[in-house]
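Residue numbers (the numbering used here): 2 to 317. Okay, so here's the structure we're looking at.
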C-alpha cells in the first residue's frame, strides 16, 4: 500500500493552498479532490465572478481562480485524484484513507472538505435555472456585484446571519426584503431591531418564496403568506439564501472532535484537530468568515502545521 507524508482531502482555496505549500516543502502531497460529493474546486466553482480576491483587480470567475490554484499546486508536484474519500481510519498510524479506487497510508492528513450552503428547493433557483444568475447563498461574497446595485433584493432566513447579510446589502440595494416564515425573527434582539428600524429593510412576516422568475437573470419572486395563502409577485434582481451551511464532515464518522454544529474543532491559533497529525483548513472548520481568502490562509497554516509535525516525528 502506498505511503505518503501528507494527504489532503478536499478541493478549493484551502486544499489547493495547502497543496502548494506542502509541495514546495517537498512533502510530496496527495490530494483527493472529490468527484460525486460536489464540484471539484469547491463552492467557488459555481461563482461567476469574484471581485474581492487580492491580485485580480478586474475580477475573475471562480472556476478560473481554482484552475490557477490547481495549476500552481501541480507545478510543484502535487498528485491529484478526482475521487471521493469514503472513509479514513484514524485508529492507528499511519492513517488509512480509502476511496472506491484505492487505499493509501498517510502520516498526516489535512481535511479541507468545506461546507455546503443550505438551499431551499424553490422553482427557478436550481443549478440549471437562475442559480448564480441572481440567486446565491453569500451576500458578502456577491452583494457588491453590478447586477445587484440599486435593485430590490430578497434575503431568505431569520437568524443573525440573515439579518447581517440584509444589512450588508443595504449598502448597494435600493431595498432589501427579509423573507421569514414566522412572525418574529430568530436573530438576537439587537440585530432584529437594527433590521426592523433600517429604512431600506422590510421584513415580510409569515412568508415564503415559492418561485423565482426570470429569463437570463432574476426578474421577480412570488411570495406566499403561510397563514392566509395569499400570493404576490414582486420585482426582484437578487435572492440570497441565508439559512446556514452544512460542514462536509459525515465521512469522518465522528472520529474527530466536532463543534455542536458539526464543524471540526481546531486548537486556537492553529489548524490542529483532536488527533495528532490531523489538521483542518477552510470552511470545514470556519463557521464565521467563510471567505476564499480566509480559506486559502488556513490552507497555508495547515501545510505549515503538517510540516512542523512531520519534522518533529522525524518523517521529513
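Note that CB positions come from ideal geometry on N, CA and C, so glycine has one too.
Grab me the residues of residue 264's own chain with a C-beta within less than 7 Å of its C-beta, minus the 5 sequence neighbours each way, in chain order.
-> Residue mapping note: residue 264 aligns to position 263 of the chain shown, counting from 1. Once the five neighbours on either side are set aside, the close Cβ partners of residue 264 are 248, 285, 286, 288.
So what does residue 239 bridge to, in DSSP terms?
-> Reading the chain shown from its first residue, position 238 is the one you call residue 239. Partner(s): 154.
Cβ-based neighbour list, residue 54, same chain, cut-off 7 Å, excluding 5 preceding and 5 following = The residue you call residue 54 lines up with position 53 of the chain shown. These residues qualify, in order along the chain: 66, 293, 294.
Looking at residue 196 and residue 164, is the spacing between their C-beta atoms short of 7 Å?
-> Locating residue 164 in the chain shown gives position 163, counting from the first residue. Locating residue 196 in the chain shown gives position 195, counting from the first residue. Yes.
Can you grab the Cα-Cα spacing for the pair residue 88 / residue 194, in whole Å?
-> Within the chain shown, the letter at position 87 stands for residue 88. Within the chain shown, the letter at position 193 stands for residue 194. Take the alpha-carbon of residue 88 and the one of residue 194: they are about 46 Å apart.
Thinking C-beta only, is residue 23 closer than 7 Å to residue 297?
-> For the purposes of this step, residue 297 is taken as residue 296 along the chain shown, with counting starting at 1. For the purposes of this step, residue 23 is taken as residue 22 along the chain shown, with counting starting at 1. No, these two residues do not count as a Cβ contact at 7 Å.
Taking Cβ to Cβ, would you say residue 307 is nearer than 7 Å to residue 113?
-> Residue 307 sits at position 306 when you count from the first residue of the chain shown. Residue 113 sits at position 112 when you count from the first residue of the chain shown. Against a cut-off of 7 Å, the Cβ pair of residue 113 and residue 307 comes out as no contact.
Mapping DSSP to helix, strand and coil, what is residue 54?
-> Counting from 1 along the chain shown, the entry for residue 54 is found at position 53. Note: residue 54 maps to coil in three-state DSSP.
Check whether the segment 66 to 78 touches the segment 226 to 243, taking contact to mean three or more Cβ pairs, one atom from each stretch, closer than 8 Å.
-> no
Check whether the Cβ atoms of residue 160 and residue 182 lie closer than 7 Å to each other.
-> Indexing the chain shown from 1 puts residue 160 at position 159. Indexing the chain shown from 1 puts residue 182 at position 181. Taking 7 Å as the Cβ cut-off, residue 160 and residue 182 do not qualify as a contacting pair.
With a cut-off of 8 Å, do at least 3 Cβ pairs link the segment 269 to 280 to the segment 119 to 131?
-> no
The alpha helix (DSSP H) spanning residue 70 covers which residue range?
-> To locate residue 70, count along the chain shown from 1; it is residue 69. It spans 63 to 76 - the alpha helix (DSSP H) in which residue 70 sits, taken as one unbroken run.
Should residue 56 go down as buried or exposed, given a rule of 16 or more other Cβ atoms within 10 Å for buried?
-> The sequence position of residue 56 within the chain shown is 55, counting from 1. Counting Cβ neighbours within 10 Å, residue 56 comes out exposed, since fewer than 16 surround it.
Consult DSSP for residue 166 and reduce its assignment to one of helix, strand or coil.
-> Your numbering for residue 166 matches position 165 in the chain shown. Reduced to three states, the DSSP call for residue 166 is helix.
For residue 117, the first and last residue of its enclosing beta strand (DSSP E) | Translated into positions along the chain shown, residue 117 becomes position 116. Here the beta strand (DSSP E) through residue 117 covers 116 to 118.
Per DSSP, which one or two residues make a beta bridge with residue 90?
-> Numbered from its first residue, the chain shown carries residue 90 at position 89. 97.
Do residue 75 and the ligand FAD come close, with the Cβ less than 6 Å from some heavy atom?
-> No copy of the ligand FAD occurs in the structure displayed, which carries no ligand at all.
Proximity below 7 Å, CB of residue 131 to CB of residue 215 = Against the chain shown, residue 131 aligns to sequence position 130. Against the chain shown, residue 215 aligns to sequence position 214. Yes, Cβ-Cβ distance for residue 131 and residue 215 is below 7 Å.
Under the three-state reduction of DSSP, which class applies to residue 308: helix, strand or coil?
-> Residue mapping note: residue 308 aligns to position 307 of the chain shown, counting from 1. It is helical.
Per DSSP, residue 276 is paired with what?
-> If you number the chain shown from 1, residue 276 lands on position 275. Partner(s): none; residue 276 has no beta bridge.
Sort 93, 94, 218, 21 by Cα distance to residue 129 and report the nearest one.
-> Here residue 129 corresponds to residue number 128 of the chain shown, with the count starting at 1. Among 93, 94, 218, 21, the Cα nearest to that of residue 129 belongs to 218.
So is residue 151 buried or exposed if we call it buried at 16+ other beta carbons inside 10 Å?
-> Within the chain shown, the letter at position 150 stands for residue 151. So residue 151 counts as exposed.
Under a three-way DSSP split, which group does residue 3 fall into?
-> Taking the chain shown and counting its residues from 1, the one referred to as residue 3 is at position 2. If DSSP states are grouped into helix, strand and coil, residue 3 belongs with the strands.
With 16 as the cutoff for other CB atoms within 10 Å, does residue 309 come out buried or exposed?
-> The residue given as residue 309 occupies position 308 in the chain shown. That one is exposed.
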